[in-house]
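The numbers in this note's numbering rise by one with no breaks, and the one at position 165 of the sequence shown is 210. A virtual CB, placed ideally from N, CA and C, is assigned to each residue, including glycine. Beneath this line is the structure, given in structure tokens, with notes to follow.
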Amino acid sequence: MALLDHDRRSRPVGVPLPPAPLIAAPLVRPAFPQHGAGTAHVPDDDHVRLVENGPADELDCLRGVLSPGLLQAAAARSRAIGLGADQILINQGVIDESAYLQNLSADLGIALDPLPDVARQDLLMDDSQISTAARSGMLHVRSHGEMLLVIAPRCHGARALTRAVRSAPALASKMRLIATQDLNRLLTRHGGPALAHKAARELHESAPDFSAAPAGDARTRQIARASAIGSFAALVVLPPFFAGLAWSSVLTLAFFAFVVFRLAACLTPRLPAARRRPRRPDAGLPIYSVIVALYHEARSIGSLLRSIEAIDYPREKLDIILVTEPDDLGTRAAIARLGPMPHVQLLIAPAIAPKTKPKALNYALSFARGSFIAVFDAEDLPEPGQLRAALDVLLGDDRVGCAQASLCIDNAAAGWLPRMFAAEYAGQFDLFLPGLANSGLPLPLGGSSNHFHTDTLRRLGGWDAYNVTEDADLGIRLARFGYHSVMFRSTTYEEAPVHTAAWLRQRSRWMKGWMQTWCVHMRRPRRLWRDVGPRSFVAINLTAGATILTAMAYPTLLAGLLTRLVAPQSDSPGDPSATLHLVVIAVGLLSTVGIGLRGLAARRHLRHGWVLLLTPVYWGLLSIAAWRALWQLLRDPYHWEKTEHGLSPRDRPAAPVTDSA
Numbered sequence: 046m047a048l049l050d051h052d053r054r055s056r057p058v059g060v061p062l063p064p065a066p067l068i069a070a071p072l073v074r075p076a077f078p079q080h081g082a083g084t085a086h087v088p089d090d091d092h093v094r095l096v097e098n099g100p101a102d103e104l105d106c107l108r109g110v111l112s113p114g115l116l117q118a119a120a121a122r123s124r125a126i127g128l129g130a131d132q133i134l135i136n137q138g139v140i141d142e143s144a145y146l147q148n149l150s151a152d153l154g155i156a157l158d159p160l161p162d163v164a165r166q167d168l169l170m171d172d173s174q175i176s177t178a179a180r181s182g183m184l185h186v187r188s189h190g191e192m193l194l195v196i197a198p199r200c201h202g203a204r205a206l207t208r209a210v211r212s213a214p215a216l217a218s219k220m221r222l223i224a225t226q227d228l229n230r231l232l233t234r235h236g237g238p239a240l241a242h243k244a245a246r247e248l249h250e251s252a253p254d255f256s257a258a259p260a261g262d263a264r265t266r267q268i269a270r271a272s273a274i275g276s277f278a279a280l281v282v283l284p285p286f287f288a289g290l291a292w293s294s295v296l297t298l299a300f301f302a303f304v305v306f307r308l309a310a311c312l313t314p315r316l317p318a319a320r321r322r323p324r325r326p327d328a329g330l331p332i333y334s335v336i337v338a339l340y341h342e343a344r345s346i347g348s349l350l351r352s353i354e355a356i357d358y359p360r361e362k363l364d365i366i367l368v369t370e371p372d373d374l375g376t377r378a379a380i381a382r383l384g385p386m387p388h389v390q391l392l393i394a395p396a397i398a399p400k401t402k403p404k405a406l407n408y409a410l411s412f413a414r415g416s417f418i419a420v421f422d423a424e425d426l427p428e429p430g431q432l433r434a435a436l437d438v439l440l441g442d443d444r445v446g447c448a449q450a451s452l453c454i455d456n457a458a459a460g461w462l463p464r465m466f467a468a469e470y471a472g473q474f475d476l477f478l479p480g481l482a483n484s485g486l487p488l489p490l491g492g493s494s495n496h497f498h499t500d501t502l503r504r505l506g507g508w509d510a511y512n513v514t515e516d517a518d519l520g521i522r523l524a525r526f527g528y529h530s531v532m533f534r535s536t537t538y539e540e541a542p543v544h545t546a547a548w549l550r551q552r553s554r555w556m557k558g559w560m561q562t563w564c565v566h567m568r569r570p571r572r573l574w575r576d577v578g579p580r581s582f583v584a585i586n587l588t589a590g591a592t593i594l595t596a597m598a599y600p601t602l603l604a605g606l607l608t609r610l611v612a613p614q615s616d617s618p619g620d621p622s623a624t625l626h627l628v629v630i631a632v633g634l635l636s637t638v639g640i641g642l643r644g645l646a647a648r649r650h651l652r653h654g655w656v657l658l659l660t661p662v663y664w665g666l667l668s669i670a671a672w673r674a675l676w677q678l679l680r681d682p683y684h685w686e687k688t689e690h691g692l693s694p695r696d697r698p699a700a701p702v703t704d705s706a
């Protein structure tokens, strides 16, 4: 595992590894099963444009060190998946990277140097190139008046290097070898502030209109937020006392529009299922980065990594990046207890504000080597075929900015809240979001199981570190830049909060993020209209704005209805506002129950459908969360309320047979 803060354990250069019988074990740890190999094919990866053919020269330095059988197996695997044989051995745990580089150094005469004394001015690059060096494994340094090329070999790099030095031995004196963890340590030592600033502020500085980052001095921001929030709250609460029927009609219209919009999306005819594509050969698969932001997730990390390791993708082509916070010693200890994982990087997010998941994701983005990126949460259990299915979608159309898998709750039996969550997710991810995608409307992404073209994500500035629903915001931003997001046939199983307090904290954060997202994208309504067109403009406002407004207005509508039903005014018989409230609440309830039941039925989980009778209570909790979010938006807009995981048993349900997006 490449740890930025890990103690370095090295073997003297040129000293052989233990004799073959001690290490001639399977090329994979038992806990993490190996995947089958495909036929040879040219890989399509940002860092490898041409496969190095011919013998695996990078193994010459290990002859007499490892058994011939191991070397032959590594060479065969190299041909099968289109990756250097040294990477096979390293990623399968047969030899660690430092030991391999020591043998390569002795064989080629290239010094292995962690460069502990190199000063910042000796790195021949500016701050903007630090992340490029981290991904490519190459940089230029100045040492004793001469320029050196420093290399941490990737992909077929060791093979190309071996052939180059054998053809021109004088090159060896102009090069240095370095292990990945030493390279990362060097770059973070000299470029840490730049990488931290990039993770937190890149979007705000490159496209401030698309970021929820604060602007102006603190007092001005607080006054502006207080004025805006106070005005909004007053608009929701006070008008019924002064213009009851008119304002009730406005709220009723907003509520009804939201209900009709959701129903229309959920009832949108599905596109025909995509024709099943031939399985891509392993050698034709690109490097795929899998990023997981972690905070106090010691309970979940084991099952998460086992689930990722079970993914049907060559282990050597998975670039797994775990990002933790500086104060999260428990999660790092739990990861360490799992043993060596050469293909896993553990990064420590910079200790600067804001302390949010999107900032951690942005930091990982600087180190991601893959042509594609998947984002998962700590409690996630993705289906094994998810990465291959996402590739089929992403490689089929360059304008697809994101492929979103369905999310499904698998601890529904733990209580009424997880059951309600399961019904909600079934309607959202199996009906509503596919309907939006099939209609060509912007997709408010889920916070997990998002798959991206890495280049697209970087061009758009990554995630907004200051938005606590960075997923929904990014989905809208993709649409504004001309990309579309799609749903595809794969499921990730998640754990829902069991206790009301935990649910309320999570939902308040979501509501606060929706408020931030709506405020950001409606800063300039006319520009949003031009960017996405009238249909998507309305869809964004109904998805983001109406979600907040209806949750906050629910108590007002319900109180008005109950007041007129329980204590009708004698001087205003047949008050039409009572009828309006009754109709819109009834329609909302029926649509919610219908969508939930249909989604649960698709998941073959209809036995939990009785929980939808508690929808009026659930809406009350949603309203509390929305008002709490509004208060937090004023007091602490960027605070990330953590949701604990690993607290309840999980029972994976049967997957639905849904139409592919």
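Beta-carbon contacts of V531 that lie in its chain and below 8 Å, excluding the five residues immediately before and after: Position 486 of the sequence shown, counted from the first residue, corresponds to residue 531. Once the five neighbours on either side are set aside, the close Cβ partners of V531 are V438, V445, C447, A448, Q449, A482, L488 and A706.
Provide the residue span of the alpha helix (DSSP H) that contains Q166, from first to last. Position 121 of the sequence shown holds residue 166. Counted as a single uninterrupted DSSP element, the stretch harbouring Q166 is not any alpha helix (DSSP H), since DSSP gives it neither H nor E.
In chain order, what residues of the same chain have a beta carbon less than 6 Å from the beta carbon of G641, not counting five sequence neighbours either side? For the purposes of this step, residue 641 is taken as the residue at position 596 of the sequence shown. Cβ neighbours of G641 beyond the five flanking positions: A468, G472 and L657.
Can you tell me whether DSSP reads R550 as helix, strand or coil? Taking the sequence shown and counting its residues from 1, one reaches residue 550 at position 505. DSSP places R550 in helix when its eight states are reduced to three.
Mind listing, in chain order, the continuous alpha helix (DSSP H) runs of no fewer than 4 residues lying wholly within the region 147-212? 175-181 and 202-212
Is L367 near the ligand ADP, in the sense that its beta carbon is under 7 Å from a heavy atom of that ligand? Of ligands this structure carries none, so the ligand ADP is not represented either.
Nonlocal neighbours in the same chain, by C-beta distance under 6 Å from G691, ignoring five residues either side: Sequence index remark: in the sequence shown, residue 691 carries index 646 (1-based). Excluding sequence neighbours, G691 sits near R344 and S345.
CA-to-CA distance, R433 to R321, given in whole angstroms: Translated into positions along the sequence shown, residue 321 becomes position 276. Translated into positions along the sequence shown, residue 433 becomes position 388. Answer to the nearest angstrom: the Cα atoms are 12 Å apart.
Going by beta carbon distance, what residues of the same chain come within less than 6 Å of F466, once the five residues before and after it are set aside? Residue mapping note: residue 466 aligns to position 421 of the sequence shown, counting from 1. Excluding sequence neighbours, F466 sits near I454 and A541.
Using only CA atoms, which one of S581, S334 and P198 lies nearest to F4? There is no way to answer for residue 4, as the model of the chain reaches only from 46 to 706.
Looking at F533 and A435, is the spacing between their C-beta atoms short of 8 Å? To locate residue 435, count along the sequence shown from 1; it is residue 390. To locate residue 533, count along the sequence shown from 1; it is residue 488. Going by C-beta atoms, A435 is nearer than 8 Å to F533.
Status (buried if at least 16 other CB within 10 Å, exposed otherwise) for W555: As a first step, residue 555 must be located in the sequence shown, where it is residue number 510. It counts as buried.
Could you tell me how far apart the beta carbons of H516 and D509 are, in whole angstroms, since I believe they sit closer than 8 Å? Counting from one through the sequence shown, the residue named residue 516 turns up at place 471. Counting from one through the sequence shown, the residue named residue 509 turns up at place 464. Checking the sequence, you will find Asp at residue 516 rather than His. Contact flag wrong, Cβ pair sits at about 10 Å.
Just verifying my parser: in three-state terms, what is the DSSP assignment at I418? Locating residue 418 in the sequence shown gives position 373, counting from the first residue. Looking at I418 - three-state DSSP - the assignment turns out to be strand.
List the endpoints of the continuous alpha helix (DSSP H) containing Y663. Numbered from 1 along the sequence shown, position 618 holds the residue referred to as residue 663. Note, Y663: alpha helix (DSSP H), T660 to R680.
My parser needs the beta strand (DSSP E) runs of 3 or more residues fully inside the region 342-369; what are they? 363-369
Starting from Y470, follow the alpha helix (DSSP H) in both directions and report where the run begins and ends. Taking the first residue of the sequence shown as 1, we reach residue 470 at position 425. Taken as a continuous stretch (DSSP letters only), the alpha helix (DSSP H) holding Y470 covers W461 to G472.
Own chain partners of E103 with C-beta closer than 7 Å, once the 5 adjacent residues on each side are dropped: Along the sequence shown, one-based indexing puts residue 103 at 58. Answer for E103: G129, A130, D131, A203, R204 and T207, listed in chain order.
Is it buried or exposed, M192, if we count other Cβ atoms within 10 angstroms and call 16 or more buried? Locating residue 192 in the sequence shown gives position 147, where the first residue counts as 1. Exposed, since its Cβ has fewer than 16 Cβ neighbours within 10 Å.
Specify the secondary structure class of S530 as computed by DSSP and reduced to three states. Stepping through the sequence shown from its first residue, residue 530 is reached at position 485. It is a strand residue.
Does DSSP put G138 in a helix, in a strand, or in coil? For this step, residue 138 is matched to residue 93 along the sequence shown. G138: coil per DSSP, three-state reduction.
So, with DSSP's three-state summary, where would you put G691? Numbered from its first residue, the sequence shown carries residue 691 at position 646. Coil.
Helix, strand or coil for E540 per DSSP? Your numbering for residue 540 matches position 495 in the sequence shown. Here DSSP, grouped into helix, strand and coil, assigns E540 to coil.
So, are the CB atoms of L330 and K362 less than 8 Å apart? For the purposes of this step, residue 330 is taken as the residue at position 285 of the sequence shown. For the purposes of this step, residue 362 is taken as the residue at position 317 of the sequence shown. In this structure, K362 lies closer than 8 Å to L330 by Cβ.
Are there 16 or more other CB atoms within 10 angstroms of the CB of K219, so buried, or fewer, so exposed? Stepping through the sequence shown from its first residue, residue 219 is reached at position 174. By the 10 Å Cβ count, K219 comes out exposed.
For T369 and W685, which I take to be in contact (beta-carbon distance under 8 Å), what is that distance rounded to the nearest angstrom? Mapped onto the sequence shown, residue 369 falls at position 324. Mapped onto the sequence shown, residue 685 falls at position 640. So it is not a contact: roughly 14 Å between Cβ atoms.
Nearest candidate by alpha-carbon position, reference Q561, set A119, P259 and I155: Reading the sequence shown from its first residue, position 516 is the one you call residue 561. With distances taken between Cα atoms, Q561 lies closest to P259.
Nonlocal neighbours in the same chain, by C-beta distance under 8 Å from Q551, ignoring five residues either side: Reading the sequence shown from its first residue, position 506 is the one you call residue 551. The residues are P542, E686 and T688.
Local Cβ density within 10 Å of H653, reported as buried at 16 or more and exposed below that: Mapped onto the sequence shown, residue 653 falls at position 608. The residue is buried, with at least 16 neighbouring Cβ atoms inside 10 Å.
Quick check on A125: does DSSP put it in helix, strand or coil? Here residue 125 refers to the residue found at position 80 when the sequence shown is read from its first residue. Note: A125 maps to helix in three-state DSSP.
Give the range of the beta strand (DSSP E) segment to which H235 is assigned. Reading the sequence shown from its first residue, position 190 is the one you call residue 235. That residue, H235, is in no beta strand (DSSP E); its alpha helix (DSSP H) goes T225 to S251.
Continuous beta strand (DSSP E) stretch holding S334: start and end: Numbered from its first residue, the sequence shown carries residue 334 at position 289. According to the DSSP assignment, S334 belongs to the beta strand (DSSP E) that extends over Y333 to A338.
Assuming the contact rule is C-beta atoms closer than 8 Å, F303 and I418 should be a hit. Round their C-beta distance to whole Å, please. For the purposes of this step, residue 303 is taken as residue 258 along the sequence shown, with counting starting at 1. For the purposes of this step, residue 418 is taken as residue 373 along the sequence shown, with counting starting at 1. That belief does not hold up - the Cβ atoms of F303 and I418 are roughly 32 Å apart, past 8 Å.
Just to confirm the assignment, what range does the beta strand (DSSP E) spanning G520 have? As a first step, residue 520 is located in the sequence shown; it is residue number 475 there, counting from the start. Looking at the DSSP string, G520 is not in any beta strand (DSSP E); the run it does join, the alpha helix (DSSP H), is E515 to R525.
So for S597, helix, strand or coil by DSSP? By one-based count along the sequence shown, residue 597 stands at place 552. Residue identity check: residue 597 is Met in the sequence provided, not Ser. Helix at M597.
Quick test of your reading: L157 and S150, contact by CB under 8 Å. State the CB separation rounded to the nearest angstrom. Translated into the one-based positions of the sequence shown, residue 157 becomes position 112. Translated into the one-based positions of the sequence shown, residue 150 becomes position 105. L157 to S150, Cβ: 4 Å. Contact.
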